[in-house]
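Enquirer: First the structure, which I've put down as structure tokens, then a few questions once you've had a look.
2 protein chains.
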Amino acid sequence: MLTAHNVAERFKILQDHICSELEKLDGVGLFQEDLWKRPEGGGGRTRIINGQHIVKGGVNFSHVHGVMPETIAKGLGLEPNQFSATGVSIVLHARNPFVPIIHMNVRYFETDTGSWWFGGGIDLTPLIVIEEDAVSFHQGLKEVCDQYEEGAYAEFKEWADNYFYIPHRNETRGVGGIFFDRLGQQNERTKTDIFNYVVNVGESFYDLYSDIFIKRFQTEYSEEHIKWQRLRRGRYVEFNLVYDRGTKFGLQTNGRIESILMSLPPQVEYRYDYRPSKEFELTTQSFLKKGISWI
Amino acid sequence: MLTAHNVAERFKILQDHICSELEKLDGVGLFQEDLWKRPEGGGGRTRIINGQHIVKGGVNFSHVHGVMPETIAKGLGLEPNQFSATGVSIVLHARNPFVPIIHMNVRYFETDTGSWWFGGGIDLTPLIVIEEDAVSFHQGLKEVCDQYEEGAYAEFKEWADNYFYIPHRNETRGVGGIFFDRLGQQNERTKTDIFNYVVNVGESFYDLYSDIFIKRFQTEYSEEHIKWQRLRRGRYVEFNLVYDRGTKFGLQTNGRIESILMSLPPQVEYRYDYRPSKEFELTTQSFLKKGISWI
Chain A
7 MLTAHNVAER
17 FKILQDHICS
27 ELEKLDGVGL
37 FQEDLWKRPE
47 GGGGRTRIIN
57 GQHIVKGGVN
67 FSHVHGVMPE
77 TIAKGLGLEP
87 NQFSATGVSI
97 VLHARNPFVP
107 IIHMNVRYFE
117 TDTGSWWFGG
127 GIDLTPLIVI
137 EEDAVSFHQG
147 LKEVCDQYEE
157 GAYAEFKEWA
167 DNYFYIPHRN
177 ETRGVGGIFF
187 DRLGQQNERT
197 KTDIFNYVVN
207 VGESFYDLYS
217 DIFIKRFQTE
227 YSEEHIKWQR
237 LRRGRYVEFN
247 LVYDRGTKFG
257 LQTNGRIESI
267 LMSLPPQVEY
277 RYDYRPSKEF
287 ELTTQSFLKK
297 GISWI
Chain B
7 MLTAHNVAER
17 FKILQDHICS
27 ELEKLDGVGL
37 FQEDLWKRPE
47 GGGGRTRIIN
57 GQHIVKGGVN
67 FSHVHGVMPE
77 TIAKGLGLEP
87 NQFSATGVSI
97 VLHARNPFVP
107 IIHMNVRYFE
117 TDTGSWWFGG
127 GIDLTPLIVI
137 EEDAVSFHQG
147 LKEVCDQYEE
157 GAYAEFKEWA
167 DNYFYIPHRN
177 ETRGVGGIFF
187 DRLGQQNERT
197 KTDIFNYVVN
207 VGESFYDLYS
217 DIFIKRFQTE
227 YSEEHIKWQR
237 LRRGRYVEFN
247 LVYDRGTKFG
257 LQTNGRIESI
267 LMSLPPQVEY
277 RYDYRPSKEF
287 ELTTQSFLKK
297 GISWI
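Protein chains in written order, with my numbering: chain A, 7 to 301; chain B, 7 to 301.
Given below as structure tokens:
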């Protein structure tokens, strides 16, 4: 029987593995670790890198448990319960504007009343879209999903399009990826099958990111690219602070603020009514919409 | 009888006056104006300055009307109605880190079912707190409030402490100011009295700001001050995107996004778990709490 403890132990291994690979990739930066405890139960390992190429990144593990606040139980459609939740969350910001922002999350949730489910996803936010990178990223995700279930990629890709979306801008956060939630009892797959899929998603993260990173981290760029990078990062802030469910949940439940907000980019600019140049309109803005078939 | 039209006309004069004074204060920057219409009724005059000293500022007027969305009517405790709302909103960001961010808003709201009220406020967000500036700012506000009603300053000052507060940081946005809402039928004052008070608040804005600006815009500063300025501006973004009711209302009701988000600062930085230096802890961080009696 797969317990929250088993899942958490596997997630810790995932965190260790990704951190050690990312340190090699950056070449200089090392993760600093902050261990924290949650007064109501559980805690986490927040790991932050401020490297030469990955200028701001977080690879966080947490495993928290305790009594579920009533409002949250209600929101999830559950009876009052004791819960246990564990996950790994990653956001990486790179110096080079041709290296995208990437986000990954895998999570597991269970209650003492017998509910359990997995969730997660990976999505890519290029500051400057390079089509072949978006295509290979989506192909890689499709391979992972195909191993799990036929049709899963299409479903989870659409889910990501809808989730990583900024309504007030009428644009997607980036070129999407996959997003899924509540893979649990109502699915036809065994708990072990779902667990294996989620671990595969997590383990695919490093290869998907490093493939793009290695191709782009030495690309030459101008002041104009940096300015555009910082403006686009502003949209990342808008999404995370206004819409992201994980961030909102964390802020509302008195989570560890620095671990939650590690996702925010290092330098950001806001301009009134900034319009992209023709170049950026063509290469990037025009791809920030739902329903693009990258494969 | 004072109508929404009368109030709006007076607010336009206020906007004109403030813009022309701020242009003189900056010495180089001129406001650019965007006129906009709201498909459901009404519109506004958004005015933006990117000057030499006031590097990003907005002085916005709007007057919108139409059918009130049911959810919003419910939230306000009102029957379904036709509404009219007009206001002036200002946020100014300066180059010099010793010049605070300032925010001012005056607004009037009425329905065809006979409800009406005024709201507004002014608050100051120093990146580096200078006590004498905070004191003179609060003294100026007290003078305006004293003309309206004994005890008004204390009440509206406390309201601002509670409103301009970032729960997840357990800190206030800045050194506060005054905030008030729903000054209307339930108050003992006449509509004209309240209107005059609100206009006085609006007209006091320029003097309160320019007093501080003139003292501080030439203060020498270091790279360290700029870094701190950008980190503190990050908190301004956190407040505005996560908590500010006006911003949330605007985003949820499909308002004019660029006018709403003109409040965001020009350059911002986020660092993981940044701790203020002893200097900034002493001069600034220690003042970011509720209940300080500045006068």
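For glycine and all other residues, C-beta sits at the position ideal for the given N, C-alpha and C.
If you're wondering where the values come from, they're calculated on a predicted model, not measured in any experiment.
(1) Step through the CB atoms of chain A and report whether any lies within less than 8 Å of the CB of R16 of chain B.
(2) Residues of chain A with a CB under 9 Å from the CB of D22 of chain B: which are they?
(3) Chain B beta carbons: is any one of them nearer than 8 Å to that of Q273 of chain A?
(4) Quick one: give me the first and last residue of the beta strand (DSSP E) that Q273 of chain B is part of.
(5) Looking only at DSSP bridge pairs, what is F67 of chain A linked to?
(6) Against chain B, does Y276 of chain A count as a neighbour if the rule is that its beta carbon must be under 8 Å from one of theirs?
(7) When you compare each of A:N202, A:F162, A:F17 to F185 of chain A by their alpha carbons, which one comes out closest?
(8) Name the one or two DSSP bridge partners that I108 of chain A has.
(9) What are the residues in the region 240-260 of chain A lying within 7 Å of chain B by C-beta distance?
(10) Rank B:E76, B:P103, B:H23, B:I96 by C-alpha distance to the C-alpha of T225 of chain B and give the top, closest one.
(11) Taking R28 of chain B and V65 of chain B to be in contact with their CB atoms under 8 Å, please state how far apart those CB atoms are, rounded to whole angstroms.
(12) Which same chain residues, not among the five before or five after Y159 of chain B, have their C-beta less than 6 Å away from its C-beta?
(13) Let's test the definition: count the other Cβ atoms within 10 Å of the Cβ of L169 of chain A and tell me whether it reaches 16, buried, or not, exposed.
(14) Anything in chain A within Cβ reach of I54 of chain B, meaning under 7 Å, just list it in chain order.
(15) For a cutoff of 8 Å on Cβ pairs, would you count H174 of chain B as touching chain A?
(16) Is there a Cβ of chain B sitting closer than 8 Å to that of M268 of chain A, yes or no?
(17) Reducing DSSP to helix, strand and coil, say where Y249 of chain A ends up.
(18) When you compare the CB of I263 of chain B with every CB in chain A, is at least one pair closer than 8 Å?
(19) Is I301 of chain B helix, strand or coil when you go by DSSP?
(20) Assuming I301 of chain A and V141 of chain A are in contact, meaning their beta carbons sit under 8 Å apart, how far apart are those beta carbons, in whole angstroms?
(21) Do E177 of chain A and K284 of chain A have their C-beta atoms closer together than 8 Å?
(22) Can you name, in chain order, every residue of its own chain whose Cβ lies under 8 Å from the Cβ of G252 of chain A, other than the five neighbours on each side?
(23) For G261 of chain A, does the count of other Cβ atoms within 10 angstroms reach 16, so buried, or fall short, so exposed?
(24) Enumerated in chain order, which unbroken segments of the beta strand (DSSP E) with a length of 3 residues or greater are wholly contained in the region 171-216 of chain B?
(25) Is there a Cβ from chain B that is less than 8 Å from the Cβ of G64 of chain A?
(26) Measure the alpha-carbon distance for E116 of chain A versus T92 of chain A and round it to whole angstroms.
(27) Contact defined as beta carbons within less than 8 Å: I believe G3 of chain A pairs with I128 of chain A. What is the distance between those atoms, to the nearest angstrom?
(28) Relative to the C-alpha of H144 of chain B, which candidate in B:D217, B:H231, B:H99, B:Y278 has its C-alpha closest?
(29) Using a threshold of 8 Å, state whether the C-beta atoms of E275 of chain B and P272 of chain A are closer than that.
(30) Grab me the residues of M215 of chain A's own chain with a C-beta within less than 6 Å of its C-beta, minus the 5 sequence neighbours each way, in chain order.
(31) Comparing C-alpha positions only, which one of B:Y114, B:L98, B:Y227 sits nearest to S90 of chain B?
(32) Between the alpha carbons of W122 of chain A and G146 of chain B, how many angstroms are there, rounded?
(33) Looking at V34 of chain A and Q58 of chain A, is the spacing between their C-beta atoms short of 8 Å?
(34) Give the range of the alpha helix (DSSP H) segment to which E76 of chain B is assigned.
(35) Give the secondary structure of Y114 of chain A by DSSP, where H, G and I count as helix, E and B as strand, and everything else as coil.
(36) Where does V141 of chain A fall in DSSP's three states?
Expert: Taking the coordinates as given:
(1) Counting from 1 along the second sequence, the entry for residue 16 of chain B is found at position 10. It does not: the Cβ of R16 of chain B has no partner Cβ on chain A nearer than 8 Å.
(2) Indexing the second sequence from 1 puts residue 22 of chain B at position 16. What D22 of chain B touches in chain A: nothing, since even the nearest Cβ is about 20 Å away.
(3) Locating residue 273 of chain A in the first sequence gives position 267, where the first residue counts as 1. Judged by the 8 Å Cβ criterion, Q273 of chain A is in contact with chain B.
(4) As a working mapping, residue 273 of chain B is identified with position 267 in the second sequence. Where Q273 of chain B is concerned, the enclosing beta strand (DSSP E) stretches over 273-275.
(5) Within the first sequence, numbered from 1, the residue matching residue 67 of chain A stands at position 61. Its beta-bridge partners are A:R51, A:V94.
(6) For the purposes of this step, residue 276 of chain A is identified with residue 270 of the first sequence, where counting begins at 1. For Y276 of chain A, the answer is yes, since a Cβ of chain B falls inside 8 Å of its Cβ.
(7) As a first step, residue 185 of chain A must be located in the first sequence, where it is residue number 179. Nearest of A:N202, A:F162, A:F17 to F185 of chain A, Cα basis: A:F162.
(8) Mapped onto the first sequence, residue 108 of chain A falls at position 102. BP columns for I108 of chain A point to A:L98, A:L130.
(9) V243, E244, L247, V248, L257
(10) For the purposes of this step, residue 225 of chain B is taken as the residue at position 219 of the second sequence. Among B:E76, B:P103, B:H23, B:I96, the Cα nearest to that of T225 of chain B is on B:P103.
(11) Residue mapping note: residue 28 of chain B aligns to position 22 of the second sequence, counting from 1. Residue mapping note: residue 65 of chain B aligns to position 59 of the second sequence, counting from 1. The question names Arg, but residue 28 of chain B in the sequence shown is Leu. Correct: roughly 7 Å between the Cβ atoms.
(12) One-based indexing of the second sequence puts residue 159 of chain B at position 153. Once the five neighbours on either side are set aside, the close Cβ partners of Y159 of chain B are K148, C151.
(13) Translated into the one-based positions of the first sequence, residue 169 of chain A becomes position 163. Note on residue identity: the sequence assigns Tyr, not Leu, to residue 169 of chain A. Buried is the call here.
(14) Taking the second sequence and counting its residues from 1, one reaches residue 54 of chain B at position 48. Those are Y278, listed as they occur along chain A.
(15) Locating residue 174 of chain B in the second sequence gives position 168, where the first residue counts as 1. Chain A contact via Cβ: present.
(16) In the first sequence, residue 268 of chain A corresponds to position 262, counting from 1. Nearest CB-CB separation between M268 of chain A and chain B: below the 8 Å threshold.
(17) Stepping through the first sequence from its first residue, residue 249 of chain A is reached at position 243. Residue state for Y249 of chain A is assigned as coil, using DSSP reduced to three classes.
(18) Residue 263 of chain B sits at position 257 when you count from the first residue of the second sequence. It does; some Cβ of chain A falls within 8 Å.
(19) What you label residue 301 of chain B is simply residue 295 of the second sequence in a count that begins at 1. In the structure shown, I301 of chain B sits in coil (DSSP, three-state: anything other than H, G, I, E or B).
(20) In the first sequence, residue 301 of chain A corresponds to position 295, counting from 1. In the first sequence, residue 141 of chain A corresponds to position 135, counting from 1. Their Cβ separation, rounded to whole angstroms, is 7 Å, which keeps I301 of chain A and V141 of chain A in contact under 8 Å.
(21) By 1-based counting over the first sequence, the position of residue 177 of chain A is 171. By 1-based counting over the first sequence, the position of residue 284 of chain A is 278. For E177 of chain A and K284 of chain A, no; Cβs fall outside 8 Å.
(22) For the purposes of this step, residue 252 of chain A is identified with residue 246 of the first sequence, where counting begins at 1. Excluding residues within five positions, the ones whose Cβ falls inside 8 Å are S95, N111, I266.
(23) Walking along the first sequence from the start, residue 261 of chain A turns up at place 255. By the Cβ neighbour-count rule, G261 of chain A is buried, with 16 or more other Cβ atoms within 10 Å of its own.
(24) 182-190
(25) Locating residue 64 of chain A in the first sequence gives position 58, where the first residue counts as 1. Closer than 8 Å to some Cβ of chain B, the Cβ of G64 of chain A qualifies, so yes.
(26) Residue mapping note: residue 116 of chain A aligns to position 110 of the first sequence, counting from 1. Residue mapping note: residue 92 of chain A aligns to position 86 of the first sequence, counting from 1. Looking at the two C-alpha atoms, the distance is approximately 9 Å.
(27) This structure cannot speak to residue 3 of chain A, because chain A is shown only from 7 to 301.
(28) As a working note, residue 144 of chain B is residue 138 in the second sequence. With distances taken between Cα atoms, H144 of chain B lies closest to B:D217.
(29) Reading the second sequence from its first residue, position 269 is the one you call residue 275 of chain B. Reading the first sequence from its first residue, position 266 is the one you call residue 272 of chain A. Yes; because the gap between Cβ atoms is below 8 Å, this pair is in contact.
(30) Working through the first sequence from its first residue, we reach residue 215 of chain A at position 209. The amino acid occupying residue 215 of chain A in the given sequence is Tyr; Met does not appear at that position. Once the five neighbours on either side are set aside, the close Cβ partners of Y215 of chain A are I108.
(31) Residue mapping note: residue 90 of chain B aligns to position 84 of the second sequence, counting from 1. The option with the nearest alpha carbon to S90 of chain B is B:Y114.
(32) Counted from its first residue, the first sequence places residue 122 of chain A at position 116. Counted from its first residue, the second sequence places residue 146 of chain B at position 140. So the two alpha carbons sit approximately 58 Å from each other.
(33) Locating residue 58 of chain A in the first sequence gives position 52, where the first residue counts as 1. Locating residue 34 of chain A in the first sequence gives position 28, where the first residue counts as 1. Yes, they are a contact pair.
(34) For the purposes of this step, residue 76 of chain B is identified with residue 70 of the second sequence, where counting begins at 1. Segment 76-81, the alpha helix (DSSP H) holding E76 of chain B.
(35) In the first sequence, residue 114 of chain A corresponds to position 108, counting from 1. Y114 of chain A falls in the strand class under three-state DSSP.
(36) Within the first sequence, residue 141 of chain A is the residue found at index 135, counting from 1. Helix.
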